[in-house]
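Heads up: the structure comes next, in structure tokens.
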Amino acid sequence: MTGLHVAVDDDARDVRVEVAVAPGRTLAVVGPNGAGKSTLLSVVAGLYVPTSGRVVLTGARGEGDRVLTDTAAGTLVPPARRGVVLLGQRPELFEHLTVRANVAFGPRAAGLRRADARDVASRWLDAVGAQGLARRRAQALSGGQAQRVAIARAFAAEPQVVLLDEPLAAVDVPSVPHLREVLRRALAGVTALVVTHDVADALALADDVVVVDRGRVVEHGPAAEVLDAPRSAFLRQLPAATGRAGILGSVSTPGPDPIGHTDPTTHTGEREAEGAEHARRGVEEHAWRVAAAVRPALATLVAPHRATELAVADAVVDPRPRALAAAAVATLATPGFDNAQMDGYAVRAADLAGASATAPVALVVADPIPAGHTGAPLAAGTAAPIMTGAPVPDGADAVVRIEDALPPRFGQDAGDRVAFSAPVDAGTFVRRAGSDASAGDVVLAAGAPLGPAQLGALVASGIDRVRVAGAPRVLLVSTGSEVRGSGEALGPGQVHDANGASLAAALRVVGADVRMRTVADDVAAFRSLLTTPDDGGWTPDLVVTTGGVSAGAYEVVRLALGALADDGLADAWFGHVAMQPGGPQGLATVAVGHGEGRVPLVAFPGNPVSALVSFELFLRPLLADATGLRPARRGRGRAPLAEGVDSPPAVHQVRRGALDDAGRVVLVGGPGSHLLARYAEATVLVHVPVGVAHLDAGDEIEYEEIG
Amino acid sequence: MRPDRTVAPRLPWWLVAVAVVGIAFVVAPVVVMATRGDWAHFWSLVTSDSSLDALRLSLFTSVVSTAVCVVVGVPVAVVLARTRFPGLSVVRALVLLPLVLPPVVCGLALLYAFGRRGPFGHTLEDAGISIAFTTTAVVISHVFVSLPFLVLTLEGALKVRGTGPELAAASLGAGPGRTFWLVTLPAVAPALGGGALLAFARSLGEFGATLTFAGSLQGVTRTLPLEIYLQRETDPDAAVALSMLLVIVAVLVVALVHSAGGTRSFRRGLAGSVA
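Protein chains in written order, with the working numbering: chain W, 398 to 1104; chain L, 5 to 279.
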């Protein structure tokens, strides 16, 4: 397999970029328009010759490197012989040909016989779910169909490197998730460069990401890492400016895919058992989208109208996590006075200038200086016993440790002699006033959590009041006609609101101000709860719902948000996330009450374990960041399994477990999602990633500490 | 056909009025001429030896010159549309010159180039080939005046299409030849058909260049328009009858090509030609 190395230094377009793609990996190039992304692709494709640059296929077919472009040597392999296929926004199908003839074009150009080329074409049409279109004329296809065929055509040519230039940008929104999945599968094991401005594409398609801005690489690394913790200005501003599909993601429809998808790597052409499989969104992508929707709302907590002033003394005993809304500025210097860093003698350094082992200098012992008192000024020729933290007297400019004195212990009376066998530099073992912080220094920056060390620093700096971020107001809505509150009598078929209880507690622990509501399976009731809150000015920063999100017949959250979206009062996404438990998820922004803006709404599935696991994955880290709960992330580790585990490879399975005495992971409860009582026994969540079908006892697995 | 119930955007009344006048201006003379014709003797007039000779010669030379136009014009159009070199616009203007030159001037130019004393004609003469005042001369004069029509039509179509499919084909590993035959040419086939039709029509009606360069020799160089001009001097009825014949032939050819080139079956034939 071939890797790719590209170096471009172009004056005309002011692009200086160097990227490398390892064999079989996909690199996403993201950045604003005009950043130089397309120039990079054009250079690789051989369609643009930069002022200076090299394009090399590294380790091509065991024959070493193959240079495609080298301006220094004057090398330019023509596009048809580079082994590089470029797939752009527009499918550019050959409209006079049939779909199959289009896909067979590459194999035919490579010299395959007509029948063989048709076989290859059929296989790739199967792979992209376009087998039904084979005999259609390319001209007669819809945009989504055409791009699907273009994908098949590109991969059927068996290129060594695939270049994708905004492959989904011109596709109508409902087709995007399907095509993204088609591409994701086709890219497995292929060396590829994807130019995109949609972070969802980068997350779904790429292993690694480089961010290019104004012709320079400003950020690079593994896709999930870079996108999860963006450093560049471009990525940071994205939640506000994410592409056409918006941050929620494009709306996916439930039910079977009208065309169907298969795995191109198997070429079996079998339809997948589960119709909605293709529409599954990755856990990372959903987490990113939830973050993009929720973070802006949480950012308002530090705004002047939400932040509150809090006495530091109260904060010390307050059980709720807090974060500073504004920087805390020291009113006192710390330390407030010069003090001794060691137990010993305060001396004048000048007195000991001639001291040596053979000629020690003897000084008269002065009155000892206790902590909390200012001693008398130190006279020349004297040494005052001093304890750590006690103020260094005027006149003294150094402290000699007691063990360096002769005799090396306290107990001398005033007027006795003490000898020193070495000189000392002025300032030795003296902590200068203000050496920790001067008055006016920022002790803690805005956003800092108020943990033990931070509260101590505030008190030490003389700060007695701070502005802290408001607690996030979370409206927690349990849906279902069968749900009753804790303590209420249950009728037939009714259940207690375990969901609400566990989520409310989880929200409280992270510092949220929670209001709980229960709504029957009644769209109108759910709507009115959102549109006419009767909470006296309390508008939520975030709405969390449980239940009513799956593809069942009567799913109140989904239906209500659909209706609100039709009225222009919400944008919503409902679909499957590739995880177990917790597959059906929803994400929306919705107008609440008479508020001007939209409030993010995160919809979790109705079953208790699913809801709690979803909270852990998608919401807890965001809320902890905002409220100052530390550590904001659960501790993670790897440990061997005490027993084997099976998992559907298509999903990220989250099992509950505990660590046994030998430090191995023991699973608690089965994979089923209803066993909340067993969850309660668990101390770790166990992550079985996508692609893993089975792990044996002794295999290492990642866990997350929850208790 | 179902009635079209869509509402077209409205046009200013004066524009429609001028259009009606314009259309009448084109149609009326032909209609008036038809009414003046001696229809009773139409058949005998158009089946005279000289008339049939002229008709046969006109069809033959027009078909041959159209074929030559396609063979020569496609490369010219592709080069003009798809290459960049200094002086491109000058070359284009020169190639299209016969469009604006008076046909007599075209004939004179051809005469000086291919006539017995012309540089090309002289060379050919030495090789034992004489062109002037032969059927070949008729074809040459037809090609000379018709070529710009085909080139212009095809070049426009190529430019409108852009080079996306060609870049895609190259990216899929197809060399320039394969790309031309399988991608570029089929895609502009309708425009090529249209251009060829225009070239054919221009050939059929060619008069001035042919008369100047090829002369008027019955059965050899006297095409239908020349025959009409000749008859007009002696037998106006015959001239009108031949004119009507030319009109009918032109209409038939346009209808024929339009129905073949415009149908889906024709395009579908192209669609299945690769795999």
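C-beta: ideal position from N, C-alpha, C; glycine also.
DSSP, read as helix, strand or coil, puts residue 481 of chain W in strand. In the DSSP annotation of this structure, residue 1057 of chain W is not part of any beta strand (DSSP E), being labelled neither H nor E. Its chain contains 243, 246, 247 as the residues whose beta carbon lies nearer than 6 Å to that of residue 232 of chain L, once the 5 sequence neighbours on both sides are disregarded; these appear in chain order. The count of Cβ pairs closer than 8 Å, one atom from the region 417-435 of chain W and one from the region 609-620 of chain W, reaches three, so the stretches are in contact. Between residue 182 of chain L and chain W, the shortest Cβ-Cβ separation is below 9 Å. Secondary structure note for residue 1040 of chain W: it is in no beta strand (DSSP E), with a DSSP letter that is neither H nor E.
Within 10 angstroms of the beta-carbon of residue 210 of chain L lie 16 or more other beta-carbons, which makes it buried.
Within chain W, no residue has its CB atom less than 9 Å from the CB of residue 196 of chain L, the nearest being about 12 Å off.
Excluding five sequence positions before and after residue 254 of chain L, the CB atoms of its chain that fall closer than 7 Å to its own CB belong to 205, 208, given in chain order. Nearest CB-CB separation between residue 190 of chain L and chain W: below the 9 Å threshold. Contact between residue 999 of chain W and residue 941 of chain W holds, since their C-beta atoms are separated by about 5 Å, short of 8 Å.
Rounded to whole angstroms, residue 98 of chain L and residue 159 of chain L show a C-alpha spacing of 15 Å.
Taking the Cα positions, residue 631 of chain W is about 57 Å away from residue 783 of chain W. For the region 470-492 of chain W, the set of residues with a beta-carbon nearer than 9 Å to any beta-carbon of chain L comprises 475, 476, 477, 478, 479, 480, 481, 482, 483, 484, 485, 487, 488, 489, 490, 491, 492, in chain order. For residue 913 of chain W, there is no enclosing alpha helix (DSSP H); the enclosing beta strand (DSSP E) covers residues 910-916.
In the structure shown, residue 970 of chain W adopts extended strand secondary structure according to DSSP, grouped into three states. At least one CB of chain W lies nearer than 9 Å to the CB of residue 193 of chain L. At least one beta carbon of chain W lies nearer than 9 Å to the beta carbon of residue 175 of chain L.
When the five nearest sequence neighbours on each side are left out, the beta carbons in the same chain lying within less than 7 Å of the beta carbon of residue 114 of chain L are those of 144, 145, 148, 213, 217, in order along the chain. For the pair residue 1007 of chain W and residue 594 of chain W, the Cα-to-Cα distance works out to about 32 Å. Inclusion of residue 907 of chain W and residue 975 of chain W in the CB contact set at 9 Å is not warranted, their separation being larger than that value. According to DSSP, residue pairing for residue 942 of chain W in a beta bridge involves W:874, W:1000. Here the alpha carbon of residue 409 of chain W sits roughly 8 Å from the alpha carbon of residue 448 of chain W. Of the residues assessed, residue 1097 of chain W falls on the exposed side of the cut-off, its CB having fewer than 16 other CB atoms within 10 angstroms. Under DSSP, residue 736 of chain W shares a beta bridge with W:788, W:828.
Annotated three-state conformation of residue 400 of chain W is strand, per DSSP. If you draw a straight line from the Cα of residue 741 of chain W to the Cα of residue 1065 of chain W, it comes to about 59 Å. Assignment of residue 11 of chain L by DSSP, reduced to helix, strand and coil, places it in the coil class. At a cut-off of 9 Å between beta-carbon atoms, residue 168 of chain L makes contact with chain W. At a cut-off of 9 Å between beta carbons, residue 503 of chain W contacts chain L.
Flagged as an interface residue toward chain W: residue 187 of chain L, by a C-beta distance shorter than 9 Å. Residue 489 of chain W is classed as buried because its beta carbon has at least 16 other beta carbons within 10 Å across all chains shown.
Every beta strand (DSSP E) stretch that sits fully inside the region 463-511 of chain W and reaches 3 residues is listed by chain position as 463-467, 481-484. Assignment of beta-bridge partners to residue 589 of chain W by DSSP yields W:423, W:559. Every unbroken stretch of the alpha helix (DSSP H) spanning 4 or more residues and falling wholly within the region 601-628 of chain W is given here in chain order: 620-625. If the five residues before and after residue 549 of chain W are omitted, its C-beta is found closer than 7 Å to the C-beta atoms of 500, 521, 522, 524, 525, 527, all from its own chain and listed in chain order.
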